[in-house]
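Written out below as structure tokens is the structure these notes cover.
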Amino acid sequence: WLVAGWLTLRSLTRVHSGRLVRAAAALAFGVLCVHFTNWGVFRPSSYYETHRYAFDAVAAGVREGSVGSTDDYYGRTLPWYLRDLSTTGTAAAVGEQDGRPVVFLPQWLGIPDDAVGYVFIDGVPEQGLTVDLFGSRVHVAGGTDLGDGWWYLREGD
43 WLVAGWLTLR SLTRVHSGRL VRAAAALAFG VLCVHFTNWG VFRPSSYYET HRYAFDAVAA
103 GVREGSVGST DDYYGRTLPW YLRDLSTTGT AAAVGEQDGR PVVFLPQWLG IPDDAVGYVF
163 IDGVPEQGLT VDLFGSRVHV AGGTDLGDGW WYLREGD
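Below you can see the structure in the form of structure tokens.
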């Protein structure tokens with residue numbers, strides 16, 4: 043989609059369109075780039091804040107049982123409008139607390155093991171709660187608390 047946007051902008055500069063049309067196209071392209079580019083690995087809290095509506099939708103899905111309710115190792119595919127929250131487009135159950143799944147949205151996958159990303163816990167995490175981030179055990183309390191049950195976990199937390 044980045045190439046398609048660039049080609050659109052290039053074609054607008056070659057056609058004798060007005061500056062207003064080119065400026066509007068450049069602005070729209072810039073907004074789309076900011077929205078759909080995942081910078082969560084670099085600034086997880088700002089990505090969380092700007093995509094809060096989507097994280098809230100995932101949390102609602104966890105509470106309803108439509109997200110995180112499978113035993114597939116890498117999880118079930120998210121709805122198309124939420125897939126950009128996860129590098130794999132999936133949400134995986136990586137643990138359990140009080141009978142509810144702890145759901146993981148990977149932002150980076152290591153080879154052969156481990157991952158980094160957002161974790162949702164419906165409630166306050168128990169002291170000593172650890173989750174399996176695809177081969178790496180991580181303590182939730184060592185991660186970054188983003189609020190409303192969302193945490194950002196890295197290997198070594």
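For the sequence shown, our numbering assigns the number 199 to the last residue and increments by one with no breaks. All residues carry an ideal CB built from backbone N, CA and C; glycine is no exception. Remember, predicted model here, so these are calculated numbers, not experimental data.
Quick check: the Cα distance between residue i and residue j, rounded to an integer number of angstroms?
{"i": "G103", "j": "Y116", "result": "17 Å"}
{"i": "V145", "j": "S88", "result": "20 Å"}
{"i": "V180", "j": "R105", "result": "23 Å"}
{"i": "W150", "j": "V73", "result": "24 Å"}
{"i": "H93", "j": "S53", "result": "31 Å"}
{"i": "V63", "j": "L49", "result": "15 Å"}
{"i": "Y71", "j": "R61", "result": "Correcting the residue identity first, residue 71 is Phe in this sequence and not Tyr. Distance between the alpha carbons of F71 and R61 is about 15 Å."}
Roughly how far, in whole angstroms, is the beta-carbon of residue i from the beta-carbon of residue j, given that I think they are within contact range, below 8 Å?
{"i": "L188", "j": "G137", "result": "With a Cβ gap of about 17 Å, L188 and G137 do not count as contacting."}
{"i": "D156", "j": "L127", "result": "That pair is no contact at about 19 Å."}
{"i": "L120", "j": "G131", "result": "6 Å"}
What do you get for residue i, buried or exposed, if any count of 16 or more other CB atoms within 10 angstroms of its CB means buried?
{"i": "W122", "result": "exposed"}
{"i": "Y194", "result": "buried"}
{"i": "Q169", "result": "exposed"}
{"i": "Y90", "result": "buried"}
{"i": "V182", "result": "buried"}
Are residue i and residue j touching if we call contact CB-CB under 8 Å?
{"i": "G165", "j": "G191", "result": "yes"}
{"i": "A66", "j": "F162", "result": "no"}
{"i": "A133", "j": "G110", "result": "yes"}
{"i": "A96", "j": "T112", "result": "no"}
As a quick exercise: from the options, pick the residue whose alpha carbon is nearest that of residue i.
{"i": "D98", "options": "L147, V158, V73 and T130", "result": "L147"}
If we cut at 8 Å on Cβ distances, does residue i have a partner in chain E?
{"i": "D174", "result": "This model lacks chain E altogether, as it is built from one protein chain only."}
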